[in-house]
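Engineer:
There are 2 protein chains.
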Amino acid sequence: MNTVVIVGTGNVALQLYTAMSNKEGVKIIQVIGRNKKKLTPFKNCPKTSTDYDNISDANIYIIAVNDDSISTVSQHFKNKSGLVVHTSGSMPLSVLPKSVRRGVFYPLQTISKDRNIDFSEVPICIEAEKSEDYALLRELASTISTQIQIMTSDQRKSVHLAAVFVNNFTNHLYHIGNEICNEAGVPFTILNQLVLETAKKATETPVLNAQTGPAVRNDKLTMKEHLVLLNNKDYRDIYSVLSNSIQKTHEKKL
Amino acid sequence: MNTVVIVGTGNVALQLYTAMSNKEGVKIIQVIGRNKKKLTPFKNCPKTSTDYDNISDANIYIIAVNDDSISTVSQHFKNKSGLVVHTSGSMPLSVLPKSVRRGVFYPLQTISKDRNIDFSEVPICIEAEKSEDYALLRELASTISTQIQIMTSDQRKSVHLAAVFVNNFTNHLYHIGNEICNEAGVPFTILNQLVLETAKKATETPVLNAQTGPAVRNDKLTMKEHLVLLNNKDYRDIYSVLSNSIQKTHEKKL
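From first to last, the protein sequence lines are chains A and B.
For the first sequence, position 96 matches number 80 in our numbering, and the numbering has no gaps at all.
For the second sequence, position 140 matches number 124 in our numbering, and the numbering has no gaps at all.
(1) For residue -12/B, which residues from the same chain have a beta carbon less than 8 Å from its beta carbon, with the 5 sequence-adjacent residues on both sides left out?
(2) Would residue 94/B count as contacting chain A if we go by Cβ distances under 8 Å?
(3) In chain order, what residues of the same chain have a beta carbon less than 6 Å from the beta carbon of residue 118/A, not counting five sequence neighbours either side?
(4) Within 8 Å of any Cβ in chain B, is that where the Cβ of residue 76/A sits?
(5) Can you tell me where the alpha helix (DSSP H) with residue 139/A in it begins and where it stops?
(6) Please name the residue in 34/B, 84/B and 79/B whose C-alpha comes closest to that of residue 21/B.
(7) Does DSSP put residue 115/B in a helix, in a strand, or in coil?
(8) Whose CA, out of -6/A, 221/A, 228/A and 207/A, lies closest to the CA of residue 99/A?
(9) Cβ atoms of residue 222/B and residue 226/A: under 8 Å apart, would you say?
(10) To the nearest angstrom, how far is the alpha carbon of residue 231/B from that of residue 122/B?
(11) Please list, in chain order, all residues of the same chain as residue 241/A whose beta carbon is under 8 Å from its beta carbon, the five residues on each side excluded.
(12) Under a CB-based cut-off of 8 Å, is residue 153/A close to chain B?
(13) For residue 235/A, which three-state DSSP category applies?
(14) When the Cα atoms are used, what is the spatial distance from residue 166/B to residue 62/A?
(15) Tell me, which residues are paired with residue 46/B by DSSP?
(16) Contact between the stretch 76 to 93 of chain B and the stretch 48 to 64 of chain B is defined here as three or more beta-carbon pairs at a separation below 8 Å; is this criterion met?
(17) I believe residue 101/A touches residue 110/A by the beta-carbon criterion, under 8 Å. Please report the beta-carbon distance rounded to the nearest angstrom.
(18) Could you have a look at residue 16/B and say whether DSSP puts it in helix, strand or coil?
(19) For residue 153/A, I'd like the list of residues in its chain whose CB is within less than 8 Å of its CB, leaving aside the five on either flank, ordered along the chain.
(20) Which class does residue 87/A belong to by DSSP, given the choice of helix, strand or coil?
(21) Do three or more CB pairs link the stretch 143 to 151 of chain A to the stretch 194 to 210 of chain B at distances below 8 Å?
(22) Cα separation between residue 185/A and residue 85/B?
(23) With a threshold of 8 Å between beta-carbons, can residue 148/B be considered close to chain A, or not?
(24) Hey, would you say residue 158/B sits closer than 8 Å to residue 191/A, going by beta carbons?
(25) Taking Cβ-Cβ distances shorter than 8 Å, what residues in chain B pair up with residue 117/A?
(26) Can you tell me the Cα-Cα spacing of residue 180/B and residue 92/B, whole angstroms?
(27) Using a C-beta to C-beta distance shorter than 8 Å, which residues of chain B count as neighbours of residue 132/A?
(28) Once you ignore the five residues that flank residue 238/B on each side, which residues in its own chain have a CB closer than 8 Å to its CB?
(29) Would you please verify whether the beta carbon of residue 272/B is less than 8 Å from any beta carbon of chain A?
(30) Who are residue 109/B's beta bridge partners in DSSP?
(31) On a Cα-Cα basis, can you pick out the residue from 140/A, 55/A, 54/A and 201/A that is closest to residue 171/B?
(32) With 8 Å as the threshold, decide whether the Cβ of residue 174/A is near any Cβ in chain B.
(33) With burial defined as no fewer than 16 other Cβ atoms inside 10 Å of the residue's Cβ, what is the status of residue 39/A: buried or exposed?
(34) If the criterion is Cβ atoms closer than 8 Å, does the pair residue 73/A and residue 90/A meet it?
(35) Would residue -2/A pass as an interface residue toward chain B - the criterion being a Cβ-Cβ separation below 8 Å?
(36) Could you work out which residues of chain A lie near residue 135/B, taking near to mean beta carbons separated by less than 8 Å?
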């Protein structure tokens, strides 16, 4: 049975806490956060604390705080013998102090507070410095997921960048689609099936072949009409750079 | 029982043919295409023809050809008494000749040849000029889908533009994510769950609230690092215009 202390009270901390609670092979013995009020959702944990001088001994410490705070917060674990991991996609393992057994436990998913994640298929990207620490992280990850992936800090940084494209930027395109529908007096829900099928297709067939639309067809008239329809300059810029990139990508392919 | 003639042999023609075959209340009596070879997938249809002078009489003619050809092809139906519809998102109803009973039957989905579409939840956007033609299109649409939406030509043009954002452009972002993963030696499949969850979230919660990532957090350091990581200028442009638009959108919200 691995004992775990979670540090942080944000979305990742809460979702990992929820996913690991009542799982065999892992016991969360403490949650630490600066803000007492934010510890409320963790009230079923045996111990919650706002005090870094009062950290329980555990096999693994999961530091699930903002990227900017990882370095500072992890200083409090210098005298601990357990494995100290952060959960960030973009920060290297080396942001943790050299003097601790350090690692990374990065769940590759978009995580919000109000939406429970089913972690069973979520890739957990792990990194460590010693083989026994890899084994320990693999053990921990397998309590919540079947998808475990060893990854270097550089690889994780690239995957995080790819995630910005397929998640953050895609979400903004959905927002623009939503605005266009609203202005036309049509509910955005009319695009639900298209949104879902586009995503599903990308996971099942090569995305390069799936490219359709006026840009790849070089349908200049439709593209011109679309730019006239868009009354927001930023959206016109987005339309132009994406259409341009689609055309160049498919010229190369031909 | 409504009789239907399909004109065209492309993806939309083939998928509508497949979806309507053996459905109660509709009978496809003929498929017309210029290219004999491309008529092969329709060989179970009672009649196929390459000859526009030999069009069977039907209740509905579905013209599922390229946008540019709709106007020319529809001239052949001037003497028919049935309803003549096209299937295009971006073309107005008025592209069809005034002298025919005209309408639009636009299935709002990304349609490829090699991927069978389950139309049951796909919105069929219909337009007509007479109430009895609306009734007829509703009857036809309901043989394959439960989602039927009346839409003007202007609304359909806007919805088609929105679809370019959520489908064509999103697919290109997937392609970029794929390239970044390949270069890092990580399989793109690692992003599958993220791609699916991002889409699912957009259909279930307000997309504006779902926005995460370095741009909305104004995490300048990560954004700078990401631009350094991207070695393709077009991808850097896409990164910049999207990040800029995300920031402006969320400034407005605050």
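Backbone N, C-alpha and C define an ideal beta-carbon position, used for all residues, glycine too.
Structural biologist: Put simply:
(1) For this step, residue -12/B is matched to residue 4 along the second sequence. Here the set comprises 4, 10, 11, 12, 13, 42, 43, 44, 45, 46 and 124.
(2) The residue given as residue 94/B occupies position 110 in the second sequence. Chain A, which has a Cβ nearer than 8 Å to the Cβ of residue 94/B, makes this yes.
(3) On the first sequence, position 134 is the one that residue 118/A refers to. Excluding residues within five positions, the ones whose Cβ falls inside 6 Å are 112.
(4) Locating residue 76/A in the first sequence gives position 92, counting from the first residue. Cβ-Cβ to chain B under 8 Å: no for residue 76/A.
(5) The sequence position of residue 139/A within the first sequence is 155, counting from 1. Residues 137 to 147.
(6) For the purposes of this step, residue 21/B is identified with residue 37 of the second sequence, where counting begins at 1. When only C-alpha atoms are compared, the closest one is 34/B.
(7) Counted from its first residue, the second sequence places residue 115/B at position 131. It is helical.
(8) One-based indexing of the first sequence puts residue 99/A at position 115. Shortest Cα-Cα distance from residue 99/A to any of -6/A, 221/A, 228/A and 207/A involves -6/A.
(9) Translated into the one-based positions of the first sequence, residue 226/A becomes position 242. Translated into the one-based positions of the second sequence, residue 222/B becomes position 238. Result yes, Cβ atoms of residue 226/A and residue 222/B sit closer than 8 Å.
(10) Counting from one through the second sequence, the residue named residue 231/B turns up at place 247. Counting from one through the second sequence, the residue named residue 122/B turns up at place 138. In a straight line, the C-alpha of residue 231/B is about 43 Å away from that of residue 122/B.
(11) Residue numbering for chain A in the displayed model covers -15 to 238; residue 241/A lies beyond these limits and cannot be assessed.
(12) Locating residue 153/A in the first sequence gives position 169, counting from the first residue. Closer than 8 Å: yes.
(13) The residue labelled residue 235/A in the question sits at position 251 within the first sequence. DSSP places residue 235/A in helix when its eight states are reduced to three.
(14) Position 182 of the second sequence, counting from 1, holds the residue named residue 166/B. Position 78 of the first sequence, counting from 1, holds the residue named residue 62/A. Approximately 37 Å, taken between the alpha carbons.
(15) If you number the second sequence from 1, residue 46/B lands on position 62. Beta-bridge pairing by DSSP links residue 46/B to -10/B and 69/B.
(16) yes
(17) Against the first sequence, residue 101/A aligns to sequence position 117. Against the first sequence, residue 110/A aligns to sequence position 126. Between residue 110/A and residue 101/A the Cβ distance is about 18 Å, and since that is not below 8 Å, they are no contact.
(18) As a first step, residue 16/B must be located in the second sequence, where it is residue number 32. In this structure, residue 16/B counts as strand in the three-state DSSP scheme.
(19) Taking the first residue of the first sequence as position 1, residue 153/A is located at position 169. Once the five neighbours on either side are set aside, residue 153/A has no close Cβ partner at all.
(20) Sequence index remark: in the first sequence, residue 87/A carries index 103 (1-based). Three-state DSSP puts residue 87/A in a strand.
(21) Result yes; three or more Cβ-Cβ pairs closer than 8 Å.
(22) Numbered from 1 along the first sequence, position 201 holds the residue referred to as residue 185/A. Numbered from 1 along the second sequence, position 101 holds the residue referred to as residue 85/B. Distance between the alpha carbons of residue 185/A and residue 85/B: 37 Å.
(23) Counting from one through the second sequence, the residue named residue 148/B turns up at place 164. Yes, its Cβ sits closer than 8 Å to a Cβ of chain A.
(24) Your numbering for residue 158/B matches position 174 in the second sequence. Your numbering for residue 191/A matches position 207 in the first sequence. Yes, they are a contact pair.
(25) As a first step, residue 117/A must be located in the first sequence, where it is residue number 133. For residue 117/A, no chain B residue has a Cβ inside 8 Å of its Cβ, as the nearest lies near 21 Å away.
(26) Numbered from 1 along the second sequence, position 196 holds the residue referred to as residue 180/B. Numbered from 1 along the second sequence, position 108 holds the residue referred to as residue 92/B. In a straight line, the C-alpha of residue 180/B is about 19 Å away from that of residue 92/B.
(27) The sequence position of residue 132/A within the first sequence is 148, counting from 1. Per Cβ cutoff of 8 Å: no residues; residue 132/A is ~11 Å from chain B at best.
(28) Residue 238/B sits at position 254 when you count from the first residue of the second sequence. Caution is warranted here: a pLDDT of 47 is assigned to residue 238/B, below 50, making its placement in the model unreliable, and the coordinate value is therefore given only provisionally. Cβ within range, chain order: n/a, list empty.
(29) Because residue 272/B is not part of the residues shown, which for chain B are -15 to 238, the question remains open.
(30) Counting from 1 along the second sequence, the entry for residue 109/B is found at position 125. According to DSSP, which records beta bridges pairwise, residue 109/B is partnered with 90/B and 133/B.
(31) One-based indexing of the second sequence puts residue 171/B at position 187. For residue 171/B, the nearest C-alpha among the options comes from 140/A.
(32) Taking the first residue of the first sequence as 1, we reach residue 174/A at position 190. Closer than 8 Å: yes.
(33) If you number the first sequence from 1, residue 39/A lands on position 55. Flag for residue 39/A reads buried.
(34) What you label residue 73/A is simply residue 89 of the first sequence in a count that begins at 1. What you label residue 90/A is simply residue 106 of the first sequence in a count that begins at 1. In contact: residue 73/A and residue 90/A (Cβ atoms closer than 8 Å).
(35) Against the first sequence, residue -2/A aligns to sequence position 14. No, its Cβ sits nowhere closer than 8 Å to a Cβ of chain B.
(36) The sequence position of residue 135/B within the second sequence is 151, counting from 1. Those are 170, listed as they occur along chain A.
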